[in-house]
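So the structure is just underneath, and the comments pick up after that.
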Amino acid sequence: MAAGMIFTAAGCGGEEEKKSNSNLDAQIHAGKAKVSMRNLKQVGDALAEYVIEEGNAPEGDSLAAITGQLVPRFIKTIPLNDGYGNEILYKHGNGEQKHLFFLASTGADGKFDGWDQEPGKVPHDLHSPGGYDKDILYSNKEIKNGGFDTAPIVR
0 MAAGMIFTAA GCGGEEEKKS NSNLDAQIHA GKAKVSMRNL KQVGDALAEY
50 VIEEGNAPEG DSLAAITGQL VPRFIKTIPL NDGYGNEILY KHGNGEQKHL
100 FFLASTGADG KFDGWDQEPG KVPHDLHSPG GYDKDILYSN KEIKNGGFDT
150 APIVR
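Below, the structure written as structure tokens:
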């Protein structure tokens, strides 16, 4: 007789299974949030190097629009999406603030709540109810939590 694997249908358990599924969902969301923060940091590091050499952040309305200014000189490839598969948002400063850049992951819900949100704490806010729906930001304006925040740093 050949050895094999046995698969059973899920969803037949009670409270213990619900608790297990909840823990699994939290782990999946935590992993996606970590990928989002990693992608934002990689792009942010490349942008910071660009600003040091050029004196300003690249002008463009999206990461896709500025890819040619960063690749391959400052980064080998640019992750254009966060851990949830949503587009990473980009904004650059103007005038005397032309050296500033802002990046945002729209979180699990994929909805961006704007550049004027009140900042939170990453990763602590992510574990609060609805936390994975919060936007995650990265900027060179004001470094908090290693550059990350659950809301844009723009005031």
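Numbering (our numbering), first residue to last: 0 to 154.
Just so it is clear, CB atoms sit at the ideal spot from N, CA and C, and this is done for glycine as well.
*So what does DSSP say about arginine 154, is it helix, strand or coil?*
Reliability fails at arginine 154, whose pLDDT of 30 lies under 50, so the model's placement of it is uncertain and the value that follows must be treated cautiously. Coil, per DSSP.
*In terms of residues, what are the limits of the beta strand (DSSP E) holding leucine 136?*
Taken as a continuous stretch (DSSP letters only), the beta strand (DSSP E) holding leucine 136 covers 135-138.
*Taking contact to mean at least 3 C-beta pairs separated by less than 8 Å, is the region 53-69 in contact with the region 27-34?*
No: the two stretches stay apart, fewer than three of their Cβ pairs being nearer than 8 Å.
*Per DSSP, which one or two residues make a beta bridge with serine 104?*
According to DSSP, serine 104 bridges with Ile135.
*Skipping 5 residues on each side, what residues in its chain have a beta carbon closer than 6 Å to that of aspartate 132?*
In its chain, beyond the 5 residues on either side, Gly106, Ala107, Asp108 have a beta carbon closer than 6 Å to the beta carbon of aspartate 132.
*asked:* So for leucine 79, helix, strand or coil by DSSP?
replied: Of the three classes helix, strand and coil, the one that applies to leucine 79 here is coil, per DSSP.
_So if DSSP puts lysine 90 in a beta bridge, which residue, or which two residues, is it bridged to?_
Note: lysine 90 sits in a beta bridge opposite Phe101.
*Once you ignore the five residues that flank glutamate 48 on each side, which residues in its own chain have a CB closer than 7 Å to its CB?*
Excluding sequence neighbours, glutamate 48 sits near Phe73.
*asked:* At the level of alpha carbons, what is the spacing between glycine 92 and asparagine 85?
replied: Answer to the nearest angstrom: the Cα atoms are 23 Å apart.
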